[in-house]
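Heads up: the structure comes next, in structure tokens.
Protein chains: 2
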Amino acid sequence: MSEQILTEHISSYVNFSEEELSEIIRFFDIRSYRKKEKLLHAEKRCDTLFFVAKGCLQLYFIDDLGNPKTTQFAMETWWLTDFLAFQYQRPSNFYVETLEKSTVLSISFSKYQELLEKFPKMEKYYRSIFETAYGAALMRIKYINSLSKEEMFFSFRNSFPEFVQRVPQYVLASFLGLTPEYLSEIKRK
Amino acid sequence: MSEQILTEHISSYVNFSEEELSEIIRFFDIRSYRKKEKLLHAEKRCDTLFFVAKGCLQLYFIDDLGNPKTTQFAMETWWLTDFLAFQYQRPSNFYVETLEKSTVLSISFSKYQELLEKFPKMEKYYRSIFETAYGAALMRIKYINSLSKEEMFFSFRNSFPEFVQRVPQYVLASFLGLTPEYLSEIKRK
DNA sequence: TGATTTTCTTAAACCAGCTTAATTTTTATT
DNA sequence: AATAAAAATTAAGCTGGTTTAAGAAAATCA
Chain A
159 MSEQILTEHI SSYVNFSEEE LSEIIRFFDI RSYRKKEKLL HAEKRCDTLF
209 FVAKGCLQLY FIDDLGNPKT TQFAMETWWL TDFLAFQYQR PSNFYVETLE
259 KSTVLSISFS KYQELLEKFP KMEKYYRSIF ETAYGAALMR IKYINSLSKE
309 EMFFSFRNSF PEFVQRVPQY VLASFLGLTP EYLSEIKRK
Chain B
159 MSEQILTEHI SSYVNFSEEE LSEIIRFFDI RSYRKKEKLL HAEKRCDTLF
209 FVAKGCLQLY FIDDLGNPKT TQFAMETWWL TDFLAFQYQR PSNFYVETLE
259 KSTVLSISFS KYQELLEKFP KMEKYYRSIF ETAYGAALMR IKYINSLSKE
309 EMFFSFRNSF PEFVQRVPQY VLASFLGLTP EYLSEIKRK
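Residue numbers (our numbering), protein chains in the order written: chain A, 159 to 347; chain B, 159 to 347.
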């Protein structure tokens, strides 16, 4: 089930025996969440790293006007948390919340350290994940600085059509950095 | 000298013996560059990862109108390349160029793989680097989506005053996602 | 040192995208 | 099925930031 999503994902990067994999899994808590449940609270110490086995999470913050703004989505096989706050065990700058019914594997900071110590090959797994994620973030910043809001939407819909279906439009708008009203206008064309 | 900048940086994350460190250093090419030299060319296969020992690099692309736009800077002890293209050995989406006289340690993709295989502890080093870099990129996207261009400038100058001194203003403007004219107007106040 | 090139500034006209506010549609709840 | 709540649409007026263009200052180089 959900455990297998993670073990298969790990196995696609690093070779582990069945016993090792089941030992690795024991470092995680597995839980299902309803829609709109908070998994991580801004301002609180960021102590947990999340892996989405099923469903969809968002990383967001509340702006000056009290509106939530989505910075990152995570769907099946994606990792999510406030990575900067997590690494330095500081208060989180973001909330993490489910966008739909989701099954999530969670690991605390101390368990994460233990896991990496006991299974150094996991360093390679996470190194690959973060190397890709950082590269993708740089590409995203490139898009932000080169596309109009209209182009942003079409380019995003082109690359991730499933997202556009699954995610409420006002959440998508805030992720793309435009207002729901303007997104609505764009779609009309 | 320059080698030491890297070995000291590695040592602040992982413990290696002196012999190991000097073996690690042999995986890299060390070279000095003049101002405005290109180290990586867009469209060409991205085969090299750069470490800045001295000076300053920029990652940039050319927009529709032919203007260079800076996506990322790298100063002393920062790593830089088009990480997504590097990992998958695809054509680069960016140029890498010196902003000033710089000393850079370079490693090819295949040497990088060899290095990680021969010294698995380097996985931990790069995992930490990329985890932080990805976290910082998410924070940067948060800023982009919550601050006005004016606030972006003051917040950036506040966090990285040296950058604002060292980097030409039109490069800083393109990094912050605004026009040099508007940046000039902001500074007047 | 003077000549050339590059970078920075100023100002006015312009527009992409926001704000506001009212209406409609969809979704969730009983 | 009826009611309430949340999400999406529409349209008009407005503004933060761009564009254009020309001049001033600073850096580079012979």
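C-beta: ideal position from N, C-alpha, C; glycine also.
Item	Value
DSSP three-state assignment for B:Ser250, whether helix, strand or coil	coil
Under the three-state DSSP convention, the category B:Leu257 falls into	coil
Boundaries of the beta strand (DSSP E) in which B:Ala232 is found, first to last residue	226-232
Secondary structure, beta strand (DSSP E): runs of 3+ residues fully inside the stretch 163-228 of chain B	187-191, 196-198, 206-212, 215-220
Minimum Cβ-Cβ distance from B:Phe200 to chain A less than 8 angstroms	Before going on, a small fix: residue 200 of chain B reads as Ala here, not Phe. Output row for B:Ala200: interface = no.
Buried/exposed call for B:Asn225, threshold 16 Cβ in 10 Å	exposed
Three or more C-beta pairs below 8 angstroms linking the stretch 246-263 of chain B and the stretch 207-218 of chain B	yes
Interface flag, B:Leu217 vs chain A, CB-CB below 8 angstroms	yes
Proximity of B:Phe333 and B:Phe231 at Cβ, strictly below 8 angstroms	yes
Exposure of A:Asn316, with buried meaning 16 or more beta-carbon neighbours within 10 Å	exposed
The stretch 235-242 of chain B / the stretch 292-311 of chain A touching (three or more Cβ pairs under 8 angstroms)	yes
Proximity below 8 angstroms, CB of B:Asp348 to CB of B:Ser286	Residue coverage of chain B in this structure runs from 159 to 347, which leaves residue 348 of chain B outside it and unanswerable.
Check whether A:Ala211 and A:Leu263 have beta carbons under 8 angstroms apart	yes
Limits of the alpha helix (DSSP H) - the one that B:Leu273 falls within	267-276
Contact check, A:His199 vs A:Ser268, beta carbons under 8 angstroms	no
Per-residue burial, A:Glu281 [other beta carbons within 10 Å of its own, 16 or more giving buried]	buried
Residues that A:Ser304 contacts on chain B, provided the C-beta gap is smaller than 8 angstroms	Phe219, Asp221, Asp222, Lys227
Own chain partners of A:Thr337 with C-beta closer than 8 angstroms, once the 5 adjacent residues on each side are dropped	Ala331
Per-residue DSSP class, three states only, for A:Leu238	strand
Neighbour flag for B:Asp240 against chain A, beta carbons, 8 angstroms	yes
8 angstroms Cβ cutoff, B:Leu341 in contact with chain A	no
Alpha-carbon spacing of B:Glu161 relative to B:Phe186, whole angstroms	9 angstroms
Cross-chain neighbours of B:Arg168 in chain A, by beta carbon under 9 angstroms	Per the sequence shown, residue 168 of chain B should be read as Ile rather than Arg. The premise fails here: B:Ile168 is roughly 14 angstroms from chain A at the closest Cβ pair, so nothing lies under 9 angstroms.
Spatially closest choice to B:Ser304 from A:Asn173, A:Val172, A:Thr228, by CA coordinates	A:Thr228
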